[in-house]
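This report concerns only the one structure given below.
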Ligand SMILES: *Cc1c(COP(=O)(O)O)cnc(C)c1O
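In the numbering used here, the protein residues as written are 1 to 461.
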């Protein structure tokens, strides 16, 4: 292997990095390996990973069960095409997903990334209405502050102003024009109310639905949605939102009662409900899926990121039998290709990814993650809360295994990152946010490292 300096020079010359210019403005860190919750850099330094590799590596790195699943599957086959062929890893993973999600979700479309799973969800929704004889229903509604990925349809429902795709707001006409409701009333207070209501519900019924019921939902906000949907129902195919936590759009939390209400509003106005749980799925907010806190089921659900425990790129779009029916009806009379959903990624249902995903879900099924997420939540509450008094800090919020410090100014990302690295942690701040979403096995000592790193980053940001 070439030495580090040569590799980094070549990286700078040839390799495009996320959300960056070419050539890159800031030199990335060269990672040699990773194990447990630590990244090992080429120069020998070790960093506690506060990011779970963009929220995906929920079990940490080189987990023996996931490694074994990968090796076992490699010895059988790493991939076969999914057109005309099928295999146990995909079938059994689909069964797992159907079992883990609410009963109406019965069908699973596998794809290779979260953004594509959102494209598929939108395609399903639009085709559903064509199948129902209402082709005019082709637009999407969402609330501001969201993030749904970087391909074309997902970008059209990302936050149009503050988000990373606002270039397209200043150059209109390129993206489909969607409808934006205000951001849900949110923030720390709502999250606290949610925590209180969840704790109360858990005391009474450990497996009970801990949704709303505490009157914390703002009726005027729902009236705003009701009006928007009422005015546009004839052209709307679906509502698409991230339930409970808006991730890359700004790391904000809202009361699950708003998600419950969107389900009722969607039904009343005859539009589908798509929930994007790519960030929130598989335990991150304290329940397996965030929508469980709302006690509702969507018509279409997207999962990705932590699906394979961060090992390989894979996502899935789940839908109800009614949606699948509508999709099929949309093309049954068309001569082309036998009808159905015209989507089929080359690496659809990749067996290697599916086997690892099954192993990841098996690890979750013993329920130990719940104690881990609860412990991380309480450590982050204790550790980060005092930062709320620091100059320049606007808000501190914690939910599940997510801890966020929001500044009143944009973060100096290179300075903040460097300060965190000095404390032995890997953080990747963005906009005005310094946050962590650690792997679930992160122990208290390593959480303390992350808290110290966030604190140091806040001081220089
Ligand atoms: C990351 C993310 C996506 C996009 O997933 P990719 O795998 O990066 O394409 C979509 N929606 C949400 C909520 C996400 O967090």
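Cβ atoms here follow ideal geometry from the backbone N, Cα and C, with glycine treated the same way. Keep in mind that this is a model prediction, so the values were computed, not measured.
Exercise for review: Counting only runs of 3+ residues fully inside the segment 72–123, write out the beta strand (DSSP E) ranges in chain order.
Suggested key: 105–111
Check your understanding: With a Cβ-Cβ cutoff of 7 Å, do residue 456 and residue 415 count as a contact?
Key -> What you label residue 456 is simply residue 456 of the chain shown in a count that begins at 1. What you label residue 415 is simply residue 415 of the chain shown in a count that begins at 1. Not a contact, by the Cβ cut-off of 7 Å.
**Study point:** Span of the beta strand (DSSP E) around residue 402
**Key:** Position 402 of the chain shown holds residue 402. Taken as a continuous stretch (DSSP letters only), the beta strand (DSSP E) holding residue 402 covers 402–407.
**Study point:** Burial state of residue 310 (16 or more Cβ within 10 Å)
**Key:** For the purposes of this step, residue 310 is taken as residue 310 along the chain shown, with counting starting at 1. Label assigned to residue 310: buried.
Exercise for review: Could you check what DSSP says for residue 366 in three-state terms: helix, strand or coil?
Suggested key: Sequence index remark: in the chain shown, residue 366 carries index 366 (1-based). Looking at residue 366 - three-state DSSP - the assignment turns out to be coil, as it is neither helix nor strand.
Practice item. Identify which residue in 365, 424 and 70 has its Cα closest to the Cα of residue 45. Key: What you label residue 45 is simply residue 45 of the chain shown in a count that begins at 1. Minimum Cα distance to residue 45 is reached at 424.
**Study point:** residue 358 - DSSP class collapsed to helix/strand/coil
**Key:** As a first step, residue 358 must be located in the chain shown, where it is residue number 358. Helix at residue 358.
Practice item. Go through its chain and collect everything with a Cβ distance to residue 152's Cβ below 8 Å, but skip five positions before and after it. Key: By 1-based counting over the chain shown, the position of residue 152 is 152. If we look at residue 152 and ignore the five residues flanking it on each side, its Cβ neighbours are 119, 175 and 176.
Check your understanding: Does the distance from the C-beta atom of residue 254 to that of residue 181 stay below 7 Å?
Key -> As a first step, residue 254 must be located in the chain shown, where it is residue number 254. As a first step, residue 181 must be located in the chain shown, where it is residue number 181. No. Outside cutoff.
Check your understanding: Under three-state DSSP, which class holds residue 454?
Key -> Here the question's residue 454 lines up with position 454 in the chain shown. The answer is helix: DSSP assigns residue 454 an H, G or I state.
Check your understanding: From this set, 256, 318 and 92, which residue's C-alpha is nearest residue 216's C-alpha?
Key -> Your numbering for residue 216 matches position 216 in the chain shown. The residue with the shortest Cα to Cα distance from residue 216 is 256.
Practice item. Buried or exposed for residue 148, please, with buried defined as at least 16 other CB atoms from any protein chain shown within 10 angstroms of its CB. Key: In the chain shown, the residue the question calls residue 148 occupies position 148. Result: buried.
Review point. Exposed or buried, what is residue 439 when buried is set at 16 or more other beta-carbons lying within 10 Å of its beta-carbon?
Key: Here residue 439 is taken as the residue at index 439 of the chain shown, counted from 1. Buried, by the Cβ-count rule.
Exercise for review: Pull up the DSSP beta-bridge partners for residue 328, would you.
Suggested key: Position 328 of the chain shown, counted from the start, is the residue given in the question as residue 328. Beta-bridge pairing links residue 328 to no other residue.
**Study point:** Per-residue burial, residue 317 [other beta carbons within 10 Å of its own, 16 or more giving buried]
**Key:** What you label residue 317 is simply residue 317 of the chain shown in a count that begins at 1. Residue 317 should be labelled buried.
**Study point:** Every unbroken beta strand (DSSP E) within the segment 253–323, with a cutoff of 3 residues, ordered by chain
**Key:** 272–276, 300–303 and 315–320
Review point. In angstroms, rounded to a whole number, what distance separates the CA positions of residue 11 and residue 428?
Key: Taking the first residue of the chain shown as 1, we reach residue 11 at position 11. Taking the first residue of the chain shown as 1, we reach residue 428 at position 428. So the two alpha carbons sit approximately 19 Å from each other.
Point to revise | Residues near residue 307 in its chain [Cβ-Cβ closer than 6 Å; skip 5 each side] | key: Against the chain shown, residue 307 aligns to sequence position 307. Here the set comprises 314 and 357.
**Study point:** Nearest candidate by alpha-carbon position, reference residue 385, set 282, 454 and 294
**Key:** Taking the first residue of the chain shown as position 1, residue 385 is located at position 385. Of the candidates 282, 454 and 294, the one whose C-alpha sits nearest the C-alpha of residue 385 is 454.
Review point. Does DSSP put residue 152 in a helix, a strand or coil?
Key: For the purposes of this step, residue 152 is taken as the residue at position 152 of the chain shown. Looking at residue 152 - three-state DSSP - the assignment turns out to be helix.
Point to revise | residue 51, buried or exposed, once every other Cβ within 10 Å from all chains shown has been counted against 16 | key: One-based indexing of the chain shown puts residue 51 at position 51. By the 10 Å Cβ count, residue 51 comes out buried.
Check your understanding: Quick one: Cα of residue 460 to Cα of residue 412, how far?
Key -> Counting from 1 along the chain shown, the entry for residue 460 is found at position 460. Counting from 1 along the chain shown, the entry for residue 412 is found at position 412. Going from the Cα of residue 460 to the Cα of residue 412 covers about 8 Å.
Exercise for review: Could you check what DSSP says for residue 430 in three-state terms: helix, strand or coil?
Suggested key: Counting from 1 along the chain shown, the entry for residue 430 is found at position 430. Residue 430: strand per DSSP, three-state reduction.
**Study point:** Continuous beta strand (DSSP E) stretch holding residue 422: start and end
**Key:** Counting from one through the chain shown, the residue named residue 422 turns up at place 422. Taken as a continuous stretch (DSSP letters only), residue 422 belongs to no beta strand (DSSP E), being part of the alpha helix (DSSP H) at 413–422.
Review point. Is residue 276 near ligand 1, judged by its Cβ being under 6 Å from some heavy atom?
Key: For the purposes of this step, residue 276 is taken as residue 276 along the chain shown, with counting starting at 1. Yes; taking the cut-off as 6 Å, the Cβ of residue 276 has a heavy atom of ligand 1 nearer than that.
Review point. Taking one C-beta from the segment 290–301 and one from the segment 91–104 each time, how about it: are there three or more such pairs within less than 8 Å?
Key: yes
Check your understanding: So residue 107 packs on residue 319, CB below 8 Å; how close in whole Å?
Key -> The residue you call residue 107 lines up with position 107 of the chain shown. The residue you call residue 319 lines up with position 319 of the chain shown. Correct: roughly 5 Å between the Cβ atoms.
Practice item. Can you say whether residue 142 is buried or exposed, counting buried as having 16 or more other CB atoms within 10 angstroms of its CB? Key: In the chain shown, the residue the question calls residue 142 occupies position 142. Under this definition residue 142 is a buried residue.
Review point. What did DSSP end up calling residue 180 once you bin it into helix, strand or coil?
Key: As a working note, residue 180 is residue 180 in the chain shown. Three-state result, residue 180: strand.
Exercise for review: Quick one: using the 10 Å Cβ neighbour count with 16 as the cut-off for buried, is residue 93 buried or exposed?
Suggested key: Counting from 1 along the chain shown, the entry for residue 93 is found at position 93. The residue in question, residue 93, is buried, as its Cβ has 16 or more Cβ neighbours within 10 Å.
Review point. For residue 2, which of helix, strand or coil comes out of DSSP?
Key: Along the chain shown, one-based indexing puts residue 2 at 2. Looking at residue 2 - three-state DSSP - the assignment turns out to be coil, as it is neither helix nor strand.
Review point. Under the criterion of a Cβ to heavy atom distance below 6 Å, does residue 119 qualify as lining ligand 1?
Key: As a working mapping, residue 119 is identified with position 119 in the chain shown. Residue 119: no, Cβ never under 6 Å from ligand 1.
Review point. Any contact of the segment 117–132 with the segment 373–382, i.e. 3+ C-beta pairs under 8 Å?
Key: no
Practice item. Can you grab the Cα-Cα spacing for the pair residue 435 / residue 281, in whole Å? Key: As a working mapping, residue 435 is identified with position 435 in the chain shown. As a working mapping, residue 281 is identified with position 281 in the chain shown. Answer to the nearest angstrom: the Cα atoms are 18 Å apart.
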